[in-house]
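Under mature numbering (1 follows the signal peptide of the UniProt record, and there is no 0), read the sequence shown as residues -21 to -1, 1 to 417, first letter to last.
Glycine included, every Cβ here is placed at the ideal spot set by N, Cα and C.
Heads up, the thing below is written out as C-alpha cells.
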Amino acid sequence: MKIIKSYIILIVLFLSGQIFAQQTPAQEQAGPVSIVGATAHIGNGKVIENSVITFENGKITKITEGTSSTQPSGKIIDAKGKDVYPGFIAPNSTLGLVEIDAVRATDDEDEMGEMLPNVRSLIAYNAESKVVESMRPNGVLMGQIVPRGGRISGTSSIVQFDAWNWEDAVVKENDGLHINWPSSFKRGRPWRGEEPGLKRNEDYVADVQELTGFFAAAKAWLAGDRSYTNLPYLAMEPVFNGRKKVYVHVNGEKEILDAIQFKKEQNLDNFVIVGGYNSIGVAKQIKENNIPVLVNRPHSLPKQDFEDYDYPYKLAKLLADEGVLVALESSGEMERMQTRNLPFYAGTVAAYGMDKEKALQLITLNTAKILGIDDNYGSLEEGKSATLFISDGDALDMRTNRLSHAFIDGREVSLETHQTELWHRYSNKYKNQKENSK
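Here's what the structure looks like:
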C-alpha cells in the first residue's frame, strides 16, 4: 500500500510540474507591425536589402525596399543589420506525439495494426509539449505531424507551434496518408542465428500485394452500398478523389520504381516520396512522374561502403539539379529534439554546393508546396500569413541563428522555453558567485 501511495505522489508531482510550466499562447495581433531595415529572405530565391515588411490581422500587407518615401505604419521594429525569414516548416515529424521516450504514457505515435488510414495524428497532438516550444527559438514555427508504424501508418495534419490545443494549432487537417513501403532486402539478425548483412526479403512481393489488395478492397467497399461501417475503408475516400496526398516512405531504387508503378495503377495524383535515400539513381523517373521528394536529414552517415562520405550532404542538391522538387525532413534517431536543427540541415546543403537562397527554400517554400499550404505559408509575400522571424544573422548557420522576434499568423510568440529558463537560472548562479567572490 505504501508503494502504491509513493507512486501516486510521484505521478501527481510530475503532472503538476507539467501543468504549471506551460506557456500561454500569444494573443491575436492588435494592430499593424512594421519591420524596418532588415535583409528580407523572401523564401522564393529573392532577397530584399533594407526592407520594410508590414503585416496586419495576421497577413503581410506590404513588403518592399526601404526608401525615403516608404512610410512604415503601426508598431515599428528596427531590424537594421538583421535578417528576416519566413517561418521554417518541419515535415514528417512526430513532435507533440511523444514527450518522453522512457514514459510510455507520453508516447502516442504508433497504433497497433498494419492498415490504419483512419488513425489521425492531429487528435493526439500535444500543443503544450515542452519539446514543441523548444523549436521556436531556432525559427521552426510549423510542422506536419505524422503517425508511425504499420504498413499504412495513418493520416497526418499540419500545425503551427503556438496554440492552446490541437484545435487551435491546426493549419491543414488530414493533409495526407502515410505508407511505409516494404523493403526488398532485410538485414540478418545474428542474435537469432541468422547471417549478418543484407539478404533478399522473400516476403517483399507478398507485402506489396497485401497493400494493393487493401486499396482494391477499399475501392470496392466505397463503390458498394456501404451496408456496414468500415472506418479504414472510409478514410481512403479522400485518397481516391485526390483531396488527400499520399506520402510513401521509401528508400531503395527498386522500391521507388515499384512505388511509382503503384501510383500509376492506383491513379494517385498527389504522390510524395519521403526519405528517398537512393532516389538519385531513379531521379529521371521521379521527375517524369512529377513526384516531389522529402529528403531525410543530411546530418547522417553513408549507408553503403561504396558511397561518397558526403552523399547525404549533397543528395538534396543532386535531386534539385535533376529538376525534382525537394524539401528536407528530420525523421530518425532522436527526431523530435533534432528537428530544431532543421535550418542547419539546409545550411549543410548550402555548404556542399547549393545556392544559399535555394537551400532556404528546402525548409520554407518547397516544403509548403509539397504539403499544399504554399498559398498562405512558405514565403514573405503580400497576402500571405505573417509567419516569420527576425534573426541577428544567417539563420542557416548555428553561430548566428539568434532570434529576437518571431511571429505566427501575426502573433508575436515567446522565444523562452524551459531550456532557456534553466540556462538563465544557472547562468545567474555562477554570475552571482563570481560577483560575491570579488
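Residue i: buried (16+ other C-beta within 10 angstroms of its C-beta) or exposed?
| i | result |
| --- | --- |
| Asp248 | exposed |
| Asp353 | buried |
| Ser163 | buried |
| Glu414 | exposed |
| Glu78 | buried |
| Lys224 | buried |
| Asp237 | buried |
| Thr46 | exposed |
| Arg222 | exposed |
| Tyr405 | exposed |
| Arg99 | buried |
| Ser206 | exposed |
| Ala262 | buried |
| Ala385 | buried |
| Ala84 | exposed |
| Met377 | exposed |
| Pro126 | buried |
| Gly357 | buried |
| Asp141 | buried |
What residues in its chain sit with their C-beta under 6 Å from that of residue i, if we drop five residues either side in the sequence?
| i | result |
| --- | --- |
| Ile39 | Glu361, Lys363 and Ala365 |
| Tyr226 | Gly155, His157, Val251 and Val253 |
| Gln(-4) | Per-residue confidence for Gln(-4) stands at a pLDDT of 49, beneath the threshold of 50, marking its modelled position as unreliable; the derived number appears in the next sentence. Nothing listed; no residue qualifies. |
| Phe(-2) | With a pLDDT of only 44 at Phe(-2), under 50, the local geometry of the prediction cannot be trusted, and no value is derived from it. |
| Gly372 | Thr379 |
| Glu28 | Thr18 |
| His228 | Asn159, Val253 and Gly254 |
| Asp87 | Leu76 and Ala103 |
Residue i and residue j look like a contact to me (Cβ under 8 Å); what is the Cβ gap, rounded to whole Å?
| i | j | result |
| --- | --- | --- |
| Arg319 | Val184 | Not a contact, Cβ separation roughly 41 Å. |
| Ile137 | Lys151 | 4 Å |
| Gly75 | Asn105 | 5 Å |
| Thr343 | Ile124 | No, Thr343 and Ile124 are not in contact; Cβ-Cβ is about 18 Å, not under 8 Å. |
| Leu280 | Pro65 | About 31 Å separates the two Cβ atoms, so there is no contact after all. |
| Lys61 | Ser383 | 7 Å |
| Glu216 | Leu201 | 6 Å |
| Leu298 | Ser258 | 6 Å |
| Leu101 | Gly133 | That belief does not hold up - the Cβ atoms of Leu101 and Gly133 are roughly 10 Å apart, past 8 Å. |
| Pro70 | Thr346 | 6 Å |
| Gly128 | Asp80 | Their Cβ separation, rounded to whole angstroms, is 15 Å, which puts Gly128 and Asp80 out of contact at 8 Å. |
| Arg381 | Gln317 | Not really, about 20 Å apart at Cβ, beyond 8 Å. |
| Pro211 | Asn97 | 5 Å |
| Gln139 | Asp388 | 7 Å |
| Leu304 | Lys242 | The pair is not a contact, with the Cβ atoms about 15 Å apart (cut-off 8 Å). |
Per DSSP, which residues does residue i bridge with? Please list them.
| i | result |
| --- | --- |
| Asp86 | Val77 |
| Val111 | Beta-bridge pairing links Val111 to no other residue. |
| Leu273 | Val253 and Ala306 |
| Arg127 | Asp89 |
| Ser279 | According to DSSP, which records beta bridges pairwise, Ser279 is partnered with nothing at all. |
| Met121 | Ile68 and Gln139 |
| Phe34 | Val12 and Ile39 |
| Arg222 | None, per the DSSP bridge assignment. |
| Ser370 | Asp62 and Leu382 |
| Glu44 | Ser30 |
| Met94 | Ile131 |
| Glu391 | Phe386 |
| Gly155 | Ser135 and Lys224 |
| Ser364 | Lys38 |
| His20 | Val26 |
| Phe164 | Arg179 |
Only counting the same chain, and skipping five residues up and downstream in sequence, which positions put a Cβ closer than 7 Å to that of residue i?
| i | result |
| --- | --- |
| Ser(-6) | Reliability of the predicted coordinates at Ser(-6) is poor, the pLDDT of 49 falling under 50, and the value obtained from them is presented with this limitation in mind. Excluding positions up to five away in sequence, the list is empty. |
| Ile55 | Ser13 and Val15 |
| Ser113 | Arg319, Thr396 and Gln398 |
| Phe193 | Met94 |
| Leu321 | Phe67, Ala69, Val119, Leu307, Ser309 and Ile342 |
| Asp284 | none |
Who are the near neighbours of residue i in its chain, counting only those whose CB is closer than 8 Å to its CB and skipping five residues on each side?
| i | result |
| --- | --- |
| residue 420 | Any property of residue 420 remains undetermined from this structure, which presents the chain solely from -21 to 417. |
Segment contact flag, the stretch 294 to 310 with the stretch 235 to 249, C-beta cutoff 8 Å, min 3 pairs: no
Touching by the beta-carbon criterion (3+ pairs, under 8 Å), the stretch 256 to 269 and the stretch 310 to 324: The answer is no - the stretch 310 to 324 does not touch the stretch 256 to 269, with fewer than three Cβ pairs under 8 Å.
Touch test, the stretch 3 to 13 against the stretch 382 to 398, Cβ-Cβ under 8 Å, three pairs minimum: Yes, since at least three Cβ pairs between the stretch 3 to 13 and the stretch 382 to 398 fall closer than 8 Å, the two stretches touch.
Validate contact between the stretch 15 to 26 and the stretch 325 to 341 using beta carbons, cut 8 Å, 3 pairs: yes
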